[in-house]
Amino acid sequence: MSLADLLAVMRRRWYFVVPLTLLSLLAGGYLYRTVPVSWESQSSVTLLDSRATSELPPTFGNPLSNAGGSLVVTADVLIRTLQSGASADELRSRGVTDPYTVAFAADADGPLLGLSVTGTDRAKVLRETTTLTGFAGEQLTALQAASKVPPVYAVQSAPVVLPQTPVPRSKSRYQGVAAVVIAGLVGAFLLSVLAEGVAVVRRRGRALAGYVARRHRARPPERPTGLLVRRLDATTVLTGYLVLAFLVPSNLTLPALGGVGTPANVFALLGLLWYLATWLGGRVRPAPGTRLPRVAMCGLAAAVLLSYLAAATRGSSHAEVLGADRGLIGLLVWVALVVLASAGIQERARLETLMRRLVVLGTVVALIGYYDFFAATNIADSISIPGLQSSGAGSGAMDRGSFTRPRSTTAHPLEFGGTLALLVPFAVHQAFDPVRRHAGALRRWAPVAIMAGALPLTVSRTSIIGAFIVILVMVPRWKPRRRWAALGLILGSVAVFKVIIPGLIGTITDLFAGFLSDSDSSTRARTVKYSAIVPYLKEHPWSGRGFGTFTPDLYFFTDNEYMLILAEMGLVGLVAFLALIVTGIHTGGAVRRLARTESDRELGQAFFASALVALVTSATFDALSFPMYAGMFFLVLGAGGSYLGFVRRAASAPPAPAPPPAASEARLPDLAESR
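The sequence shown: position 203 = 214 (the numbering used here), numbered continuously.
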């Protein structure tokens, strides 16, 4: 279905489009006029160690009295106390009736708390923030008194940022207006398409009965060519998503949607609406044999919805409610990618075109990473697009040792390395594919060299682990000649890096040495966070706190997707996520087993390697929190299901009969030997 077809459907069903559009615009205008402007005031409080830090203090059996140690646990206990119902009742009796939040301050490694109050009365918000700041110190003192901590070991609190003058926050009002308008437009679109689908079914029924409508009796004229009437397919839609995902920095989003509102995600949602319209109109059917990835996505969707209900029933803060809403939007984006890639692509040639475009765009992102590394900068920070604003996801140029860690157009060097590790297996497959021998060695092997060479530049364990998994999975399956050549090339590449970029290999080696000896600070920080997740898991072991609610602004970085899922979606979410990865692994293995050609078997191994990379590297950073990595993971998952459908249909099809021999080559009948 082309854009012209969609516009024609909307025009024919104007009795749905016009009323719902006008109603949504009127409702949005009403909300804009009636919803008051919110004012927000903030303050910051830090925890100071006791006066006895120079001595070896006892703990008295309570972490609150661990003077001289880390105060992060103390700060976490204080935050949980201030968020309790008893504290809310006490603050309400003191006049704090507006919503307030207490969390770790953003980008703070120490015990620094951020307090904020949001309300519609500017003067009242300032008074409430002052009351909340003083109440935090009182609660810290009361907690330690209840634990019988001696005064000499008592932890003190001190305001770092006094209650600030309230500033207007119009984002929530704009979000409400945008939600109403978008809901009206989407409802009008879906109702129009549904009515058109019903009409198509009726016309087909009449045609089967021998009835042909008057307007269908004559042969329709030739349709003109152009952008609007050009036939769209899932490959075209997904290509548009890939261009936006790879070339627009991940930190640039639409103002009303927050961090999940990247242009690529919005385009994916529009692609899902296009597929629904095409499917309801009877123009396309899901490709047979591709159901498995969509079934696995249903499991993840059920886990997300269960956690959303759990967050709604436990009295979440306003920030957590917004995070849960963004989580639902992110889920729809991932569903769109899996559905479009697995069910929407009807021809194998179009799927292969999509995978080639995926590798090419990944190569472009890797080239931008080279520029960031050698120029010691980040090019994404200098990109500004009208209508988009920075969501704060960008981290600027980061250093490790004496090297700048590139992130290209991603949000973090970890996302940069993880995304390239997912794509390298497909670049290797396309380089070996005999169908592409005509492309020349440079065009086939340049993506492999560029993306694989960019992995060590991130100076991260995640990238090296991903590259090692790709080597471990793909190389042993090759023939001996290719295998030994690949191993020699890998060792030669390490030597080249050691000469061209002195110190890089040594820095990476030191990272793993520190990890194995437990002397690395980042490793110890991750270990501490693992134990800090346990209290949140005990509160909601099955459903979690709500997908998208465990944000660093409210809690802390987990640096582990499995730990984050346990906190947000509980054990049900962890099982659903593992089922997704197992689905990707099974898809790769099934393609490899059912394939009839060596090229298809190597492609199955590439899907297998990519899924294993996702399985392992998800334990090294919160993978699904990064839009580009998450998008590529679900896109590859859907593409694997689509390839499996093509391979299954080819394996079940009977072999083509051999052509009859030519007359000149006809075999003469055998003559019996006379005796």
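Beta carbons are placed, not taken as given, at the ideal position from N, Cα and C, and that holds for glycine.
Between the options, which has its C-alpha nearest residue i's C-alpha?
i: Asp244; options: Leu143, Ala354, Glu149; result: Ala354
i: Leu635; options: Gly584, Ala662, Phe619; result: Gly584
i: Gly326; options: Arg556, Met308, Ser203; result: Arg556
i: Gly688; options: Val315, Pro274, Thr32; result: There is no way to answer for residue 688, as the model of the chain reaches only from 12 to 686.
i: Ser393; options: Thr420, Phe385, Ala377, Gly412; result: Thr420
i: Asp564; options: Leu124, Gly514, Thr324, Arg184; result: Leu124
i: Thr687; options: Leu655, Pro297, Leu399, Ile475; result: Any property of residue 687 remains undetermined from this structure, which presents the chain solely from 12 to 686.
i: Ala116; options: Thr108, Val107, Leu126; result: Leu126
i: Leu433; options: Val136, Val505, Met366, Gly292; result: Met366
i: Phe567; options: Ala543, Gly300, Trp553; result: Ala543
i: Ala314; options: Leu342, Phe508, Trp489; result: Leu342
i: Tyr382; options: Pro487, Gln53, Phe414; result: Phe414
i: Gln155; options: Val128, Thr140, Thr129, Leu58; result: Leu58
Is the Cβ-Cβ distance between residue i and residue j less than 8 angstroms?
i: Leu548; j: Ala587; result: no
i: Ala622; j: Ile592; result: yes
i: Gly428; j: Ser471; result: yes
i: Phe558; j: Ser328; result: no
i: Leu283; j: Leu205; result: no
i: Pro170; j: Val56; result: yes
i: Val20; j: Ala199; result: no
i: Ser168; j: Ala147; result: yes
i: Leu468; j: Pro513; result: no
i: Thr569; j: Asp633; result: yes
i: Val166; j: Asp60; result: yes
i: Pro663; j: Tyr573; result: This sequence places Ser at residue 663; Pro is not what is there. No, the pair does not count as a contact, with Cβ atoms beyond the cut-off.
i: Arg187; j: Leu36; result: Note that residue 187 is Gly in the sequence shown, not Arg. For Gly187 and Leu36, no; Cβs fall outside 8 angstroms.
i: Ala391; j: Gly642; result: no
When we look at the beta-carbon of residue i and count the other beta-carbons within 10 Å, is it buried (16 or more) or exposed?
i: His449; result: exposed
i: Tyr111; result: buried
i: Pro304; result: buried
i: Thr176; result: exposed
i: Ile461; result: buried
i: Glu550; result: exposed
i: Leu173; result: exposed
i: Val435; result: buried
i: Ala114; result: buried
i: Phe385; result: exposed
i: Ser95; result: exposed
i: Gly477; result: buried
i: Asp100; result: exposed
i: Gly451; result: exposed
i: Tyr286; result: buried
i: Gly334; result: buried
i: Thr85; result: buried
i: Ser104; result: exposed
i: Ile501; result: exposed
Does DSSP put residue i in a helix, in a strand, or in coil?
i: Leu18; result: helix
i: Glu764; result: In the structure as shown, the chain begins at 12 and stops at 686. Residue 764 is therefore absent and cannot be evaluated.
i: Asp410; result: strand
i: Phe27; result: helix
i: Gly293; result: coil
i: Arg556; result: coil
i: Pro47; result: coil
i: Thr273; result: coil
i: Ser395; result: coil
i: Ala8; result: In this structure the chain extends from 12 to 686, so residue 8 is not present and cannot be described.
i: Ser54; result: strand
i: Gly111; result: According to the sequence as given, residue 111 is Tyr; it is not Gly. It is a strand residue.
i: Pro304; result: helix
i: Val470; result: coil
i: Ala298; result: coil
i: Val349; result: helix
i: Ala354; result: helix
i: Ala314; result: helix
i: Leu82; result: coil
i: Pro266; result: coil
i: Val172; result: strand
i: Val259; result: coil
Tell me whether residue i counts as near the ligand ATP, meaning its Cβ is closer than 7 angstroms to at least one heavy atom of that ligand.
i: Ala15; result: In terms of ligand content, the structure shown is empty, and the ligand ATP therefore cannot be addressed.
**Request:** Decide if the region 603-613 is in contact with the region 636-649; the criterion is three or more beta carbon pairs, one per stretch, under 8 angstroms apart.
**Result:** Because the criterion of three Cβ pairs below 8 angstroms is not met, the region 603-613 and the region 636-649 do not touch.
**Contact between the region 643-653 and the region 341-352 (3+ Cβ pairs under 8 angstroms)** = The region 643-653 is in contact with the region 341-352.
**Request:** Check whether the region 464-479 touches the region 652-666, taking contact to mean three or more Cβ pairs, one atom from each stretch, closer than 8 angstroms.
**Result:** Between the region 464-479 and the region 652-666, the count of C-beta pairs closer than 8 angstroms stays below three; the two stretches do not touch.
**Asked** Should the region 244-253 be called in touch with the region 274-293, which here means at least 3 C-beta pairs below 8 angstroms?
**Response** Taking a cut-off of 8 angstroms for Cβ pairs, the region 244-253 and the region 274-293 touch, as three or more such pairs fall below it.
**Asked** Are the region 143-158 and the region 84-92 touching by the rule of at least three beta carbon pairs closer than 8 angstroms?
**Response** Contact between the region 143-158 and the region 84-92 is present, because at least three Cβ pairs lie under 8 angstroms.
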